Amino acid sequence: MAGNLKARSPGLERPDSIIRKTFNHMGKACEKKYYMHWVLWHWPEIVGDFIANNTSPQGIRKDTLYIYSDNSSLRNELQMMMPQIVQSVNNFAGQKMIEKVAFTKRWEKADSEGIDEIRLTPAEAEENLGRERCKMPLSPVEMQAAEVLGSEAEDEEIGRAVSNLYRKHLQLQKLKLAKSYKKCPQCGRLMAPEESLCDECRRSQRDKITAAVRQVLRDMPWARYPEVKKYVPECTTKMVNEQRSIMVQKLAADTDVNDKTSIKAKTLVMLYRCLPPEQLNEDNITRALYDLRFDMHRPKDYKAPKRYEVIKLGRR
Ligand SMILES: [Zn+2]
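Below is the structure:
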């Protein structure tokens, strides 16, 4: 069985890559909408038919999935299962999609409207995953844990649904392990064997590195990649260039277009041209700021001067 699972293991990451690929075509604005559609599309598979029939996802705002249910005893039961549902959604997606689930009134215009446009996404990969999950055996202890969870519900049907959801969750965890998924060394979330960190941790690590890059550029605006690398060994050329250009944009927007003498204006030139302070002179300051004139803060009546009015002919 393990061999069989391994052979099919590329199937596991498919939902994630389908989503990514779709975003590449649709752009970032569609991302949340697509997540929503995706969750709705798979809602019965994620939570089971009973829960799916008695709830309806309304939308995703920030990191929260909002669901509506008019079944109050189910609501009570699910309230306790929220972390479970979050994990089921995220596990099913193969990536962290939501952080919380909350109940809400029925939205006048749920984000799930218009789902049919997107239903064309091939569901084959997810079906494979579902089939493999079903075959994943659970230990007596795990089965009992699921029963216990379910038995706490007052309503029998709800109890069954809750046990089911929990069993599904355990199966998916095991399935990922059986596919030689390993735990992220930082947070313990399951991740593909070829990764060294999970998506979440990788993102937060990247954020730390780029923050360190910005810090170096604040201290030494003229620093180029090799210098920055001395202080932030993990950074890449691309990161340094990106952070530099973000900082140039911000600083320019905050600097008056006629200002050529303040520390801010000079810092901007150092950052933009990678010039250390001792190499600044009137000419290179004038030229650099002329280049940046449209990114800088301009007074209302500002009229951009002609190039020859600013930069003297014959000088380079
Ligand atoms: Zn992690």
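Residue numbering for the sequence shown follows the working numbering, beginning at 546 and increasing consecutively. We treat Cβ as the ideally placed atom computed from N, Cα and C, and that holds for glycine. Only a predicted model underlies this, so the values are computations on that prediction, with no experimental measurement involved.
Exposed or buried, which one is residue i when buried takes at least 16 other CB atoms within 10 Å?
i	result
E622	buried
E697	exposed
N599	buried
L816	buried
N826	exposed
E662	Annotation note: pLDDT 39 at E662 (below 50); position unreliable, coordinate value reported separately. Exposed: under 16 other Cβ atoms inside 10 Å.
S741	exposed
F636	Sequence check: residue 636 is Asn here, not Phe. The residue is buried, with at least 16 neighbouring Cβ atoms inside 10 Å.
Y853	exposed
Q794	exposed
P602	buried
V855	exposed
V686	exposed
P766	buried
Y726	buried
A810	buried
S708	buried
G593	buried
R651	exposed
K728	exposed
S633	buried
Y611	buried
Q716	buried
Y847	exposed
K721	buried
R763	exposed
K783	exposed
R676	exposed
G733	exposed
Q788	buried
R533	No answer is possible for residue 533: it lies beyond the span of the chain, which begins at 546 and ends at 861.
Which residue marks the beginning of the beta strand (DSSP E) containing residue i, and which one marks its end?
i	result
R818	R818 -> not in any beta strand (DSSP E); alpha helix (DSSP H) instead, spanning I808 to R818.
T609	T609 to Y613
Q603	S601 to R606
A647	K645 to F648
Residue i lies in the alpha helix (DSSP H); which residues open and close that run?
i	result
R832	E827 to D836
Q689	P685 to S696
R852	R852 to V855
So that I know if they touch, is there some Cβ in chain C lying closer than 8 angstroms to that of residue i?
i	result
L717	Of the chains in the structure shown, none is chain C; there is only one protein chain.
Ordered list of beta strand (DSSP E) runs contained in the segment 721-806, each at least 3 residues: The qualifying runs do not exist here; there are none.
Those residues, in chain order, that have a beta-carbon closer than 6 angstroms to some heavy atom of ligand 1: Going along the chain, the residues that qualify are C729, Q731, C732, R734, L742, C743, E745 and C746.
At least three beta-carbon pairs within less than 8 angstroms, the segment 599-618 to the segment 678-691: Below 8 angstroms, too few C-beta pairs join the segment 599-618 and the segment 678-691 to call them touching: fewer than three.
Cβ contact check for the segment 795-814 and the segment 740-749: 3 or more pairs under 8 angstroms: No: fewer than three Cβ pairs fall under 8 angstroms.
Inter-stretch contact (C-beta, 8 angstroms, three-pair minimum) for the segment 828-847 and the segment 765-782: No, the segment 828-847 is not in contact with the segment 765-782.
Cβ pair count under 8 angstroms reaching 3, the segment 801-811 against the segment 835-851: The way I'd put it, the segment 801-811 does touch the segment 835-851; three or more beta-carbon pairs between them come closer than 8 angstroms.
Cβ contact check for the segment 699-711 and the segment 612-632: 3 or more pairs under 8 angstroms: Yes, the segment 699-711 is in contact with the segment 612-632.
Any 3 or more C-beta pairs closer than 8 angstroms across the segment 641-650 and the segment 676-684: Too few Cβ pairs lie closer than 8 angstroms, so no.
The segment 730-741 contacting the segment 784-793, beta-carbon criterion three pairs below 8 angstroms: No contact exists between the segment 730-741 and the segment 784-793.
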